[in-house]
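See below for the structure under consideration.
Chains as they are written, first to last, in my numbering: chain A, 1 to 181; chain B, 1001 to 1385.
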């Protein structure tokens, strides 16, 4: 079983990201489970969402403390939340930021820094970063395919919105796949 | 079987649609779930022909259900936490009038202090109300138990309302694969609601009338008998459900690696999933630990429990509720069920108000039980005391 923890702020679509990633994983034949950290949801407050991936039915219901993957939607969270908590040296961290810094990552963990905000502004016209980060996650983790992600996005968003969101996901996917970040 | 991935609340809403309630009444205040929101959309979109009654409170919500059920309709409601507390008087009335109402409880804590998070205090608070109570381990069970509940409740030998309890947030807000049965199959299993008696202006009767001391005791006795009788109906229809849908619910309690266990954990709801994973790990270390899951809490399957636990050395009960000044409700009743057996039964009150429970916690509890330490709140933050 693999586990993903998404860190974001209320309103950034972290829960939607978790659900769409789980939907894409399920479409690809995995058993998947997605759920939010049950906090007091307020716009701008730190939030978490979780995804589990497995070949078997998932029975575990606790929150995720030792993630294989993390996604950070807003790098300013790193000052107040220990986003790398519980990560092993084999983990992958995907951070949305325009400026790469020295992060306190566990030794050996893979770091992917991507300016998802810029991608979102260009492709969607709004600083909604979750779909670009889903694309980056697909390329980095290979837990989900780009095609399955497309299906999940199209299922959730209507017409044009699905198109622009997938464009953001695809661009981030390509950047990570090509090692351009 | 076709698995689809969706949120627990939506899976329940879609299942309720298949049960074809004619009247739905609910009050969508926080804390609620997406169930009633989902059903409101389903009715508005014309996917279910039902009267959706918006009301001013939970008290009114269940009152509407009483009226509609007495008039001969299949009815549905959902609530949780304070909503259920506010319904209290009506909860007892619905049961006393022997109306087969099915209501989802997305289990949550009760204030004060204010909490929107999960535990099972809300439905446990209503354990003496004469409703049947089922607890789901996962969203598949939540789906299936709604269909099964209507079948059991509407049986003319039973005629009782039922709570289908599934852990708030932990199941209600989780996206996971579920098999939503086909509409044809559910129609075949349930059939249309055939009321035993109903309000009819041409043939007037009364529901919930006065019972003077000459009559009240007998009403309660008959009600008690009906709740006990429901155990057999659960088994019978649970088996029939299995034959039709491939998932058997004949057992009111279900063992997991219990046959050769030295230590038995007893639990209800979603914590059973985490417990099973913990048991697999403890088994790999050579510890003989098993689980007894209670799926049906009312009627309480005392005999089944005593039988299932007869061979173990130690029993650890996980209670996501507490009867303050006594113990957890499940432990109190498990102790009663095991009376005379000399097997020690230890109670662990945990997970209240949404405190997370991990595999490690289950392992620690087993260690405590083996040492004879129990009847305690587990996981207290000493620095706060």
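Ideal Cβ positions, reconstructed from N, Cα and C, are used throughout, including at glycine. No experiment lies behind these values; they were computed from the predicted model shown.
Taking 8 Å as the limit between beta carbons, can you name the residues of its chain near residue i, skipping five residues before and five after?
{"i": "residue 18/A", "result": "4, 6, 34, 35, 36, 49, 50, 51"}
{"i": "residue 2/A", "result": "52, 53, 54, 68, 69, 141, 143"}
Per DSSP, what kind of secondary structure is residue i in: helix, strand or coil?
{"i": "residue 1232/B", "result": "helix"}
{"i": "residue 1385/B", "result": "coil"}
{"i": "residue 1107/B", "result": "strand"}
{"i": "residue 96/A", "result": "strand"}
{"i": "residue 1120/B", "result": "coil"}
{"i": "residue 1267/B", "result": "strand"}
{"i": "residue 8/A", "result": "strand"}
{"i": "residue 1358/B", "result": "coil"}
{"i": "residue 1096/B", "result": "helix"}
{"i": "residue 143/A", "result": "coil"}
{"i": "residue 52/A", "result": "strand"}
{"i": "residue 1025/B", "result": "strand"}
{"i": "residue 3/A", "result": "strand"}
{"i": "residue 1209/B", "result": "coil"}
{"i": "residue 1076/B", "result": "strand"}
{"i": "residue 1327/B", "result": "coil"}
{"i": "residue 1132/B", "result": "strand"}
{"i": "residue 1342/B", "result": "coil"}
{"i": "residue 154/A", "result": "helix"}
{"i": "residue 1314/B", "result": "strand"}
{"i": "residue 1378/B", "result": "coil"}
{"i": "residue 1150/B", "result": "helix"}
{"i": "residue 1006/B", "result": "strand"}
{"i": "residue 1049/B", "result": "coil"}
{"i": "residue 1176/B", "result": "strand"}
{"i": "residue 1032/B", "result": "coil"}
{"i": "residue 81/A", "result": "coil"}
{"i": "residue 1020/B", "result": "coil"}
{"i": "residue 1059/B", "result": "helix"}
Note down, in chain order, each residue of its chain lying with its Cβ closer than 7 Å to the Cβ of residue i, except the 5 sequence neighbours on either side.
{"i": "residue 1001/B", "result": "1179, 1246"}
{"i": "residue 1298/B", "result": "1127, 1131, 1132, 1133, 1227"}
{"i": "residue 1260/B", "result": "1288"}
{"i": "residue 1312/B", "result": "1261, 1262, 1263, 1264, 1343"}
{"i": "residue 1405/B", "result": "What is shown of chain B runs 1001 to 1385, which leaves residue 1405/B out entirely."}
{"i": "residue 1071/B", "result": "1198, 1199"}
Taking 7 Å as the CB-CB limit, is residue i close to chain B?
{"i": "residue 19/A", "result": "yes"}
{"i": "residue 59/A", "result": "yes"}
{"i": "residue 33/A", "result": "yes"}
{"i": "residue 131/A", "result": "no"}
{"i": "residue 22/A", "result": "yes"}
{"i": "residue 84/A", "result": "no"}
{"i": "residue 157/A", "result": "no"}
{"i": "residue 73/A", "result": "no"}
{"i": "residue 14/A", "result": "no"}
{"i": "residue 30/A", "result": "no"}
{"i": "residue 63/A", "result": "yes"}
Take residue i and list the residues in its own chain whose beta-carbon comes closer than 6 Å to its own, dropping the five residues that flank it on each side.
{"i": "residue 1126/B", "result": "1091"}
{"i": "residue 146/A", "result": "138, 173"}
{"i": "residue 1058/B", "result": "1027, 1079, 1083, 1086, 1087"}
{"i": "residue 1352/B", "result": "1119"}
Contact defined as beta carbons within less than 8 Å: I believe residue i pairs with residue j. What is the distance between those atoms, to the nearest angstrom?
{"i": "residue 1233/B", "j": "residue 1361/B", "result": "Their Cβ separation, rounded to whole angstroms, is 36 Å, which puts residue 1233/B and residue 1361/B out of contact at 8 Å."}
{"i": "residue 1035/B", "j": "residue 1123/B", "result": "The pair is not a contact, with the Cβ atoms about 15 Å apart (cut-off 8 Å)."}
{"i": "residue 132/A", "j": "residue 176/A", "result": "Their Cβ separation, rounded to whole angstroms, is 10 Å, which puts residue 132/A and residue 176/A out of contact at 8 Å."}
{"i": "residue 73/A", "j": "residue 96/A", "result": "5 Å"}
{"i": "residue 1149/B", "j": "residue 1162/B", "result": "4 Å"}
{"i": "residue 1274/B", "j": "residue 1359/B", "result": "6 Å"}
{"i": "residue 1053/B", "j": "residue 1023/B", "result": "7 Å"}
Please check if any C-beta of chain A sits within less than 7 Å of the C-beta of residue i.
{"i": "residue 1358/B", "result": "yes"}
{"i": "residue 1274/B", "result": "yes"}
{"i": "residue 1175/B", "result": "yes"}
{"i": "residue 1169/B", "result": "yes"}
{"i": "residue 1277/B", "result": "yes"}
{"i": "residue 1353/B", "result": "no"}
{"i": "residue 1117/B", "result": "yes"}
{"i": "residue 1005/B", "result": "yes"}
Three Cβ pairs or more, each shorter than 8 Å: is that satisfied between the segment 1204–1220 of chain B and the segment 1082–1102 of chain B? yes
Please confirm if the segment 65–81 of chain A is in contact with the segment 90–98 of chain A, defined as three or more CB-CB distances below 8 Å between the two stretches. As far as the Cβ criterion goes, the segment 65–81 of chain A touches the segment 90–98 of chain A, which means the pair count is three or higher.
Would you be able to state if there are at least three C-beta pairs under 8 Å between the segment 1289–1309 of chain B and the segment 1181–1188 of chain B? no
Is the segment 1189–1196 of chain B touching the segment 1269–1280 of chain B in the sense that three or more CB pairs, one from each, lie closer than 8 Å? Proximity of the segment 1269–1280 of chain B to the segment 1189–1196 of chain B falls short of the contact definition, fewer than three beta-carbon pairs being nearer than 8 Å.
At a cut of 8 Å, does the segment 149–164 of chain A reach the segment 103–118 of chain A through at least three beta carbon pairs? no
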